[in-house]
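The sequence shown lines up with residues 8 to 468 when you count with this note's numbering. What follows is a single structure, written as structure tokens, with notes after it.
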Amino acid sequence: MYDITKKMELAGKKVLVVGLGKSGEASALFLRKKDVLVRLTETSDNPDLREKKKSLESTGIEVELGRHSETFFRGIELVVPSPGVTPESFPVQFAFKNRIPVWSEIELAYRFCPVPILAVTGTNGKSTAVTLLYDILKAAGKKVLLAGNIGTPFISVVEDLAETEALILEVSSFQLAWIVKFRPKIAVLLNVTSDHLDRYPDFASYLKDKKRIFENQTAEDFAVINYDDPVSRNLIPEVKAQKISYSRQVRLTPEGEQYFLIDGNKILLPSGEELLTIPESRLWGVHNLENILAVCTSAYLSGAEPAAMVEAIKRFHPLSHRMELVAEKSGIRYVDDSKATNVDSTLRALQSFPKSSPKRLILILGGKDKGGSYIPLKPALKKRVKALILLGEATDRIKKELAGSGDIKEVSSLPEGVLLAHSLAGSGDTVLLSPACSSFDMFESYAERGNIFKKAVASLP
8 MYDITKKMEL
18 AGKKVLVVGL
28 GKSGEASALF
38 LRKKDVLVRL
48 TETSDNPDLR
58 EKKKSLESTG
68 IEVELGRHSE
78 TFFRGIELVV
88 PSPGVTPESF
98 PVQFAFKNRI
108 PVWSEIELAY
118 RFCPVPILAV
128 TGTNGKSTAV
138 TLLYDILKAA
148 GKKVLLAGNI
158 GTPFISVVED
168 LAETEALILE
178 VSSFQLAWIV
188 KFRPKIAVLL
198 NVTSDHLDRY
208 PDFASYLKDK
218 KRIFENQTAE
228 DFAVINYDDP
238 VSRNLIPEVK
248 AQKISYSRQV
258 RLTPEGEQYF
268 LIDGNKILLP
278 SGEELLTIPE
288 SRLWGVHNLE
298 NILAVCTSAY
308 LSGAEPAAMV
318 EAIKRFHPLS
328 HRMELVAEKS
338 GIRYVDDSKA
348 TNVDSTLRAL
358 QSFPKSSPKR
368 LILILGGKDK
378 GGSYIPLKPA
388 LKKRVKALIL
398 LGEATDRIKK
408 ELAGSGDIKE
418 VSSLPEGVLL
428 AHSLAGSGDT
438 VLLSPACSSF
448 DMFESYAERG
458 NIFKKAVASL
468 P
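This is the structure:
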């Protein structure tokens, strides 16, 4: 039920939006429509941003580029930072010092959201999970929208929600960092593993933001938690919502908790009855089995019938750059997993390949280091990888931590890495791009990195 008390009267207030990316621009435009006095500050300055500045100023928004100036912040009553803005940034520190409220974009949008929210977070698998959940609920005849970290800012769709039944929202730790009242009806935690340690001082700080997805829930809401992920499982006692766990490994029914289980290829309800038989899917690996279980659990809680779940799973294609089969040439498969920007994601990718075919992988690894250890990859590398090809800023650190893991080679570019992998691979092998690092040392995004990999594969004989 929509709670009108969450709404804040913003007309006439002075609000500072930090960052002129997709989220910042959308927040500024939304606020201006609400007769808010909007100022937007951005440290970068380039021709594209100047064009955006000109457009925003035509609506009455004040914009400064190339700096954060204290005089620009005078009289501000609320700060809305974009997800990429760190707590150490000058605007956020200014707000803290002057006791000015700080809201993330999802908090701002939540204050105006008229429908229940199904929010999904996790270190890995978020985009796949929300997209499959959206497909299932659409197949079930539900009127839903999909937004958030997957690409479309929540604030961009909030005024389109009146005719819908619910919003499916992908949320990141950065977005959860500055929530106040944000309260999803169904909150899903897929997993929590080491990531973003280039931004957070330690794993505990990262986890603190992740678990905020449950913070404002009550006994009227649902918390869907991966029981097989030890970090997520340990949060169960803290949750105030109805606890709905899912597992592919255990058959436990502690008092006050309900479990959705996988038995072979069947999903079982907490009662032990069969919900559905999982159809053949294009999604590889145990981690995607967990994603399917999380999504079916959430869809069931949303009133979807099993037939809609089966239909959507059957026709679902992996999202681009997520264990995506690019091509098969001369019996060699080429797989784009560029979205694997942390060690756990790469480890899950390696575990997706059968143990019965050891040493059939050529792995392309590396990029911009995010602070986590690469050592957890060692056992899987020794068992499954024929050759390891390194590129990017993290090369020296990876080479040091993974010494003794097998044949390690270095390249200076991704096309060079694809050519080298091609020369090392034979029929029955797989060349896997799964970098375990962010892309920002050499590429604009993980998508650009994946597209360059695809282009290099396409040019192979």
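Glycine included, every Cβ here is placed at the ideal spot set by N, Cα and C. This structure is a prediction, so every number in the text was calculated from the model and none was measured.
If SER345 sits next to TYR453, beta carbons under 8 Å apart, how far is it from one beta carbon to the other, in whole angstroms?
With a Cβ gap of about 5 Å, SER345 and TYR453 count as contacting.
Between LEU370 and LEU439, what straight-line distance do the alpha-carbon atoms span, to the nearest angstrom?
Cα-Cα distance, rounded: 5 Å.
From the DSSP output, in three-state form, read off PHE460 for me.
Of the three classes helix, strand and coil, the one that applies to PHE460 here is helix, per DSSP.
If we count the other Cβ atoms within 10 Å of its Cβ and call it buried at 16 or more, is ALA211 buried or exposed?
With fewer than 16 Cβ atoms within 10 Å of its Cβ, ALA211 is classed as exposed.
At what residues does the alpha helix (DSSP H) containing GLY31 begin and finish?
Here the alpha helix (DSSP H) through GLY31 covers 29-40.
Nearest to ILE232 by CA position, among TRP291, ALA311, THR128, SER163, is which residue?
With distances taken between Cα atoms, ILE232 lies closest to THR128.
On a CA-only basis, which of VAL350, GLU335, LEU308, LEU296 is nearest PRO325? Give me that one, please.
The option with the nearest alpha carbon to PRO325 is LEU296.
Any contact between the region 308-322 and the region 137-150? By contact I mean 3 or more CB pairs, one from each, below 8 Å.
Yes, the region 308-322 is in contact with the region 137-150.
Does THR48 come out as helix, strand or coil in the three-state DSSP assignment?
Note: THR48 maps to strand in three-state DSSP.
In this structure, does DSSP put ASP142 in helix, strand or coil?
Three-state DSSP puts ASP142 in a helix.
Please report how far the alpha carbon of ILE459 lies from the alpha carbon of LEU421, in whole angstroms.
Roughly 7 Å separates the two Cα atoms.
Could you have a look at THR171 and say whether DSSP puts it in helix, strand or coil?
In the structure shown, THR171 sits in coil (DSSP, three-state: anything other than H, G, I, E or B).
Check each candidate in ILE405, THR284, ASP414, ASP235 and name the one with the smallest Cα separation from ILE382.
For ILE382, the nearest C-alpha among the options comes from ILE405.
Alpha carbons only, please: which of GLU423, GLY310, ASN272, ASP376 is nearest the one belonging to LEU151?
As written in the sequence, residue 151 is Val, which differs from the Leu given in the question. Ranking GLU423, GLY310, ASN272, ASP376 by Cα distance to VAL151 puts GLY310 first.
Say yes only if the C-beta of ALA454 is nearer than 6 Å to one or more non-hydrogen atoms of the ligand SAM, and no if none qualify.
With respect to small molecules bound, the structure shown includes none, and the ligand SAM cannot be examined in it.
Enumerate, from N- to C-terminal direction, the unbroken beta strand (DSSP E) stretches of 3 or more residues contained entirely within the region 199-267.
Fully enclosed beta strand (DSSP E) runs of 3 or longer: 229-233, 249-254.
How many Å lie between GLY263 and VAL187 at the Cα?
Model confidence at GLY263 stands at a pLDDT of 48, short of 50, so the residue's coordinates are unreliable; what they give is reported in the following sentence. Rounded to the nearest angstrom, the two C-alpha atoms are 27 Å apart.
In angstroms with no decimal places, state the Cα-to-Cα distance between ARG240 and ASN198.
So the alpha carbons of these two residues sit roughly 9 Å apart.
How should ASP343 be labelled, buried or exposed, when 16 other C-beta atoms within 10 angstroms of its C-beta is the threshold for buried?
Buried.
Closest by CA to LYS461, which one among TYR307, VAL86, LEU426?
When only C-alpha atoms are compared, the closest one is LEU426.
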